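To start, the structure itself, in C-alpha cells.
Protein chains: 2
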Amino acid sequence: MTSTSPQRGRRSASMKDVAARAGVSVKTVSNVINGAAVGAGTRERVQRAIADLGYRPNISARNLRRGRTGILALAVPELDQPYFAELARLIVDAAEEHGYTIIIDQTGGGDRREQYVIDGMGAKLADGVIFSPVAMDRLDIARRVDTTPLVLLGERVSAGPADHVAIDNVAAARTATAHLAGLGRRRIAAIGAQPDHAQGTSRLRETGFRAALEEAGLPVEESLIVPARDYHRRDGAEAAAYLTELEDPPDAVFCFNDTLALGAMRTLHDRGYRIPHDVAVVGFDDIDDGRYNVPSLTTVSPDKAGIARSALRLLLDRIEAIDSPPREVTVRHELRVRESSGMTTRRPYSG
Amino acid sequence: MTSTSPQRGRRSASMKDVAARAGVSVKTVSNVINGAAVGAGTRERVQRAIADLGYRPNISARNLRRGRTGILALAVPELDQPYFAELARLIVDAAEEHGYTIIIDQTGGGDRREQYVIDGMGAKLADGVIFSPVAMDRLDIARRVDTTPLVLLGERVSAGPADHVAIDNVAAARTATAHLAGLGRRRIAAIGAQPDHAQGTSRLRETGFRAALEEAGLPVEESLIVPARDYHRRDGAEAAAYLTELEDPPDAVFCFNDTLALGAMRTLHDRGYRIPHDVAVVGFDDIDDGRYNVPSLTTVSPDKAGIARSALRLLLDRIEAIDSPPREVTVRHELRVRESSGMTTRRPYSG
DNA sequence: CACCGTACTTCCAACGATGTAGTAGTCGAT
DNA sequence: ATCGACTACTACATCGTTGGAAGTACGGTG
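If you want it as C-alpha cells, here you go:
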C-alpha cells in the first residue's frame, strides 16, 4: 500500500481480507460468492467473514475479468417527457429482473449527442444500448463502426441495420385519423410534423394521417399540417394557437403525441373552443396525464411494457450472439377512445 | 488468449494493441490519453493508432486501477412520477457536466429495496448515491454501515446522519394553506397524509398545514385530512371522492403533491364542483402538467434545478472528503398562484 | 498396502489500465 | 569533457477478481 495506492480514504474490504479472516484462499472466497462447490463448514466461515467485514465485491475488477459490465445504457431525448419517463421506468424494471443495471444518457435529440451514443459513448461502459433516436437516421446507424450491441426504439425502419422495436406507426396514425373522420369531422389538422426529419416517427405518423384522409375522401390541406420542433406541451399550445387563427379553423386535431395534445387542448380551451364539440382531439402515447385530464384524451396506446420487454430480449440475445442478423419486433397498439373525441364530458371517469 | 479468455466474440482493441501499432510502450499510450507530457510526434502516431483501431479505454480496468467508477446512483421511488422524472432529468444533466454517469435504481418506495440502497446496492458500482427515501427513516440511515457517500433528498431531517438537500416543507405547506385561508376558505382539506410514516415529507407537510390552520384561527378537522398511499393521480381521485361524500364537503384542498391534485381535480370536476369557485385546489411540486391543466394548478414550486445542483455538489464534496460532518442544504421554494385557487379561468395562459 | 477417484482447496496468471521508479537522450553551464 | 537538470519514454508492479491447473486429504478398492 505504500508505493501505489490509488484509493482515497478508507479502503474497503477485498476478497483478500475476507480470505485472511476466514483462513482460506482468495479463490475459495470467490467460489463461495459464485456458488461453486465448497465444503459446508468452509462456506459458513467465509460467509461469516464476509458479513463481519461488510465485504462487497468490486464490480470493476469483476467486470474486467469477466469482460462484461452488467450495465445497459438507455439513451433517450429527455427523461421528463412523460412517454420516456414511463418507458424508462419499465425498462429499468425489466433490466433489473435480468440482473442488469441501467445507465441513462439524455441526448436532447441533438446530432452531436446521438452520434456519441452510436459511437459507443466514449468508453466501454455498457454491455449494450437501447436507443431512441431523433436526429440519427438509418444511414447514420448503418455507418456505425462501434460493435456494442444496439437496439433501436420507436422508429419503424424495416430491414434496418440494427435490432428494432416499434409499433406500426403508419397504421396507428391511420386508425386515429380514421376515427376522427368517422365522427364526421371534415377539417382534420395534424400537429407534430417535422419536415427536417426524413425518416423519423413523425414522418410515419404523417404518412398514416395523409393516407387516412385520402381513404376518407377528404382533401389533404397542407396548412392544417403543423410542425412542432419539440414535443412539449408548449409546442402543442403554440401550434393550436396558429390553427385557431386560420380563416377556417379545423374541427379536429390529431397530435403526434399526448403532450402536444394536452398543450393544444389548453389553448383551444382558452380560446373558447369546446372539446370535443367544436374540435375533437386525439393524441398518441397514452400517458397517465391524458387519462385524468379534463377532457380525458383519446389516444393511441402502444404496449409500452411490451416495448420494454422486447427491447431487453433483443438486446440480451444480441449480447449472446453478436453476429445474428438484425431483427424487427412490432409491438401491438390500440386506440383508446375517451372524452376528447366523443365520450360526453361530465361523466364519472372510468379507465 | 489461449488459456483464459473471458471475452466472447471479437475482442476489442486494448492499449497494448495501440502501443504495438504505434511502436511505443503501453504507458505512453496512457499518457497520451490522459494528457500527460508526450512528444508531439509520438502523440500524433499514438493518436493515429487509436483512430485506426477504434480504440476506446476499458472503463472497468481504469476504474479498478483508479479506485472509482465515475458512476453515481440515483435511487428514487418511481421514475414515471413527473416530479422524479423532472428531477432525474436535471440530475443526469448536472452529473454529466461533472463527468459522471447516472445509474437509476427504482425502489418503489418499499422497505426492502430502500434498505438495499443504503446497504450499498450489492456491489461497489457507484462512487456515490443520491437517494430519495420513502420508507427509510433517520434511524435506518444512522444505522447504516456501508461507507459509500450518500446524499438524501426530499425529507427535512435537521442534523441528520447524512448530507441532505430539501426545501423547508413545513414552511411551504404553511404558505400554501395560508394562501387558501387568505381566499376566505374555511373548510380546508388536505390530501396525502401518511400516518404510517413518522418522519416522511408527508408528515412535514401535514405539520405545516395544521400550523397554518391554527394561525388562521380555523379548527383542525381530522376528517378533512385524507391519507394517500401512493402519490398518483388515482390516489388523489379517490381521496377527492371521499371528500365530496362528506356531509359537509370542503371548500378548499391542499394536496401534498401535484399528481394528487390533478387526480382530485378530475373527480371534483366529474362531480360538478367548479374550481376554484366551489373548491380551490393547491398542489406541490410544480410539475409541467399542472401548468397546462384546465384549470392550471396553483402549487408550491421547489427550485428543482437547485436541488439537483446542490445534491451533486454535496455528493462530490463528500467523495473528496469522506469524513467531514454531514451538511444540510435548504433550497428555496415559492408559491405559484394559478387558476385553481384564484385566477379566473378563460384567460390566456401565461407562465 | 499401494493406488485411485472424489471433493475441496490452493497457486498462478490474466483481464486493461495507471503510478512509481528507472533509463536514455538532450541541452546548457561549467 | 563533465555534470546536473530536464524531458521523453520504458519496465514493472498493482488494483480485485476469476479461470484453469495443480495440489492435498480422505475413503474405498484390489
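Heads up: the protein sequence lines correspond to chains W and S, in order.
Each residue of the first sequence is one higher than the one before, counting from 0 in numbering that gives the first Met the number 0.
Each residue of the second sequence is one higher than the one before, counting from 0 in numbering that gives the first Met the number 0.
Glycine residues also receive a C-beta, built at the ideal position from the N, C-alpha and C atoms.
Keep in mind the model is a prediction, meaning the values are calculated, not measured.
Nearest neighbour of residue 224 of chain W, chosen from W:188, W:172, W:231, W:136 [CA to CA]: Along the first sequence, read from residue 1 onward, the residue named residue 224 of chain W stands at position 225. Residue W:188 is the option with its Cα nearest to residue 224 of chain W.
Interface residues of the stretch 44 to 65 of chain S facing chain W [CB-CB below 7 angstroms]: Across the stretch 44 to 65 of chain S, CB contacts with chain W closer than 7 angstroms involve 53, 55, 56, 57, 58, 59, 60, 62, 63, 64, 65, in sequence order along the chain.
Integer Cβ distance of residue 232 of chain S from residue 287 of chain W, believed to fall under 8 angstroms: By one-based count along the second sequence, residue 232 of chain S stands at place 233. By one-based count along the first sequence, residue 287 of chain W stands at place 288. Right, the Cβ-Cβ distance comes to about 6 angstroms (below 8 angstroms), so this counts as a contact.
Proximal residues to residue 1 of chain S (C-beta, below 8 angstroms), its chain only, five neighbours per side dropped: By one-based count along the second sequence, residue 1 of chain S stands at place 2. In this prediction, residue 1 of chain S scores a pLDDT of 34, lower than 50, which makes its location untrustworthy; no coordinate-derived value is stated.
Residues, ordered as in the chain, of the stretch 261 to 275 of chain W that lie near chain S by beta-carbon distance below 7 angstroms: Listed in sequence order: 261, 262, 265, 268, 269.
Buried/exposed call for residue 216 of chain S, threshold 16 Cβ in 10 Å: For the purposes of this step, residue 216 of chain S is identified with residue 217 of the second sequence, where counting begins at 1. Residue 216 of chain S should be labelled exposed.
Proximity test, Cβ basis, 7 angstroms: residue 105 of chain S and chain W: Here residue 105 of chain S corresponds to residue number 106 of the second sequence, with the count starting at 1. At a cut-off of 7 angstroms, the C-beta of residue 105 of chain S has a neighbouring C-beta in chain W.
Within 7 angstroms, strictly: CB atoms of residue 238 of chain S and residue 190 of chain S: Stepping through the second sequence from its first residue, residue 238 of chain S is reached at position 239. Stepping through the second sequence from its first residue, residue 190 of chain S is reached at position 191. Cβ atoms of residue 238 of chain S and residue 190 of chain S: closer than 7 angstroms.
Beta-bridge pairing of residue 163 of chain W - partner residues as DSSP gives them: The residue you call residue 163 of chain W lines up with position 164 of the first sequence. DSSP output for residue 163 of chain W lists W:151, W:327 as bridge partner(s).
Residue-chain proximity (residue 302 of chain W, chain S), Cβ-Cβ < 7 angstroms: Residue 302 of chain W sits at position 303 when you count from the first residue of the first sequence. Not closer than 7 angstroms to any Cβ of chain S, the Cβ of residue 302 of chain W fails to qualify, so no.
Cα-Cα separation, residue 5 of chain W to residue 56 of chain W: Along the first sequence, one-based indexing puts residue 5 of chain W at 6. Along the first sequence, one-based indexing puts residue 56 of chain W at 57. With a pLDDT of 42 at residue 5 of chain W, under the threshold of 50, the modelled position of that residue is not reliable, and no figure is offered here.
Of the listed residues W:148, W:110, W:19, W:108, nearest to residue 316 of chain W (C-alpha basis): Numbered from 1 along the first sequence, position 317 holds the residue referred to as residue 316 of chain W. The alpha carbon of residue 316 of chain W has as its nearest neighbour, out of W:148, W:110, W:19, W:108, the alpha carbon of W:148.
Short CB-CB distance (under 7 angstroms) between residue 237 of chain W and chain S: To locate residue 237 of chain W, count along the first sequence from 1; it is residue 238. The Cβ of residue 237 of chain W sits no closer than 7 angstroms to any Cβ of chain S.
Complete alpha helix (DSSP H) runs within the stretch 178 to 250 of chain S (minimum length 4 residues, chain order): Runs of the alpha helix (DSSP H) spanning 4 or more residues and lying entirely within the stretch 178 to 250 of chain S occur at 200 to 214, 232 to 243, in chain order.
Spatially closest choice to residue 153 of chain S from S:162, S:131, S:161, S:140, by CA coordinates: To locate residue 153 of chain S, count along the second sequence from 1; it is residue 154. Distances from the CA of residue 153 of chain S to each of S:162, S:131, S:161, S:140 were compared; the closest alpha carbon is that of S:131.
Neighbour flag for residue 91 of chain S against chain W, beta carbons, 7 angstroms: In the second sequence, counting from the first residue as 1, residue 91 of chain S sits at position 92. By this cut-off, residue 91 of chain S is an interface position.
Under 8 angstroms from the C-beta of residue 31 of chain S: neighbouring residues of chain W: Numbered from its first residue, the second sequence carries residue 31 of chain S at position 32. Correct list: empty, because the minimum Cβ distance to chain W is about 15 angstroms.
Buried/exposed call for residue 138 of chain S, threshold 16 Cβ in 10 Å: Your numbering for residue 138 of chain S matches position 139 in the second sequence. Flag for residue 138 of chain S reads exposed.
Span separating the alpha-carbon of residue 250 of chain S from that of residue 210 of chain S: Taking the second sequence and counting its residues from 1, the one referred to as residue 250 of chain S is at position 251. Taking the second sequence and counting its residues from 1, the one referred to as residue 210 of chain S is at position 211. Roughly 19 angstroms separates the two Cα atoms.
Local Cβ density within 10 Å of residue 222 of chain S, reported as buried at 16 or more and exposed below that: Taking the first residue of the second sequence as position 1, residue 222 of chain S is located at position 223. Residue 222 of chain S is exposed by the Cβ-count criterion.
Separation of residue 102 of chain S from residue 3 of chain W, as counted between CA atoms: Position 4 of the first sequence, counted from the start, is the residue given in the question as residue 3 of chain W. Position 103 of the second sequence, counted from the start, is the residue given in the question as residue 102 of chain S. Model confidence at residue 3 of chain W stands at a pLDDT of 44, short of 50, so the residue's coordinates are unreliable; what they give is reported in the following sentence. The straight-line gap separating the alpha-carbon atoms of residue 3 of chain W and residue 102 of chain S is approximately 29 angstroms.
Minimum Cβ-Cβ distance from residue 26 of chain W to chain S less than 7 angstroms: As a position in the first sequence, residue 26 of chain W is number 27, starting the count at 1. Closer than 7 angstroms: no.
Within-7 angstroms CB hit, residue 341 of chain W to chain S: Within the first sequence, the letter at position 342 stands for residue 341 of chain W. With respect to chain S, the C-beta atom of residue 341 of chain W has no partner C-beta closer than 7 angstroms.
DSSP three-state assignment for residue 106 of chain W, whether helix, strand or coil: Looking up residue 106 of chain W in the first sequence gives position 107. Correct three-state label for residue 106 of chain W: coil.
Proximal residues of chain W, C-beta to C-beta of residue 102 of chain S below 8 angstroms: The residue given as residue 102 of chain S occupies position 103 in the second sequence. Those within 8 angstroms of residue 102 of chain S in chain W are 70, 100, 101, 102, 103.
Under 7 angstroms between C-beta atoms of residue 278 of chain W and residue 297 of chain W: For the purposes of this step, residue 278 of chain W is taken as residue 279 along the first sequence, with counting starting at 1. For the purposes of this step, residue 297 of chain W is taken as residue 298 along the first sequence, with counting starting at 1. It is not a contact, given that the beta carbons lie outside the stated cut-off.
Span of the alpha helix (DSSP H) around residue 83 of chain W: In the first sequence, residue 83 of chain W corresponds to position 84, counting from 1. DSSP places residue 83 of chain W in the uninterrupted alpha helix (DSSP H) bounded by 81 to 96.
Own chain residues within Cβ distance below 6 angstroms of residue 51 of chain W, not counting five before or after: Here the question's residue 51 of chain W lines up with position 52 in the first sequence. Excluding sequence neighbours, residue 51 of chain W sits near nothing in its chain.
Residue 248 of chain S burial status per 10 Å Cβ neighbour count (16 or more: buried): As a working note, residue 248 of chain S is residue 249 in the second sequence. Residue 248 of chain S is buried by the Cβ-count criterion.
Best match in W:283, W:319, W:289 for proximity to residue 334 of chain W [C-alpha to C-alpha]: Locating residue 334 of chain W in the first sequence gives position 335, counting from the first residue. Residue 334 of chain W has its Cα closest to that of W:283, out of W:283, W:319, W:289.
Residue span of the alpha helix (DSSP H) that contains residue 351 of chain S, given as start and end: Nothing about residue 351 of chain S can be read from this structure; chain S reaches only from 0 to 350.
Neighbour list for residue 119 of chain S in chain W, Cβ cutoff strictly below 7 angstroms: Along the second sequence, one-based indexing puts residue 119 of chain S at 120. By Cβ distance, chain W contributes 55.
Exposure of residue 121 of chain S, with buried meaning 16 or more beta-carbon neighbours within 10 Å: Translated into the one-based positions of the second sequence, residue 121 of chain S becomes position 122. Exposed, by the Cβ-count rule.
Members of the stretch 121 to 154 of chain W that neighbour chain S once the beta carbon cut-off is set at 8 angstroms: Along the stretch 121 to 154 of chain W, the positions whose C-beta sits under 8 angstroms from a C-beta of chain S are 121, 122, 123, 124, 144, 145, 146, read in chain order.
Distance CB(residue 94 of chain W)-CB(residue 71 of chain W) smaller than 7 angstroms: Within the first sequence, the letter at position 95 stands for residue 94 of chain W. Within the first sequence, the letter at position 72 stands for residue 71 of chain W. Judged by beta-carbon spacing, residue 71 of chain W lies within the 7 angstroms limit of residue 94 of chain W, meaning their Cβ atoms are closer than that value.
According to DSSP, residues forming a beta bridge with residue 355 of chain S: Because chain S is modelled from 0 through 350, residue 355 of chain S falls outside the range shown and cannot be assessed.
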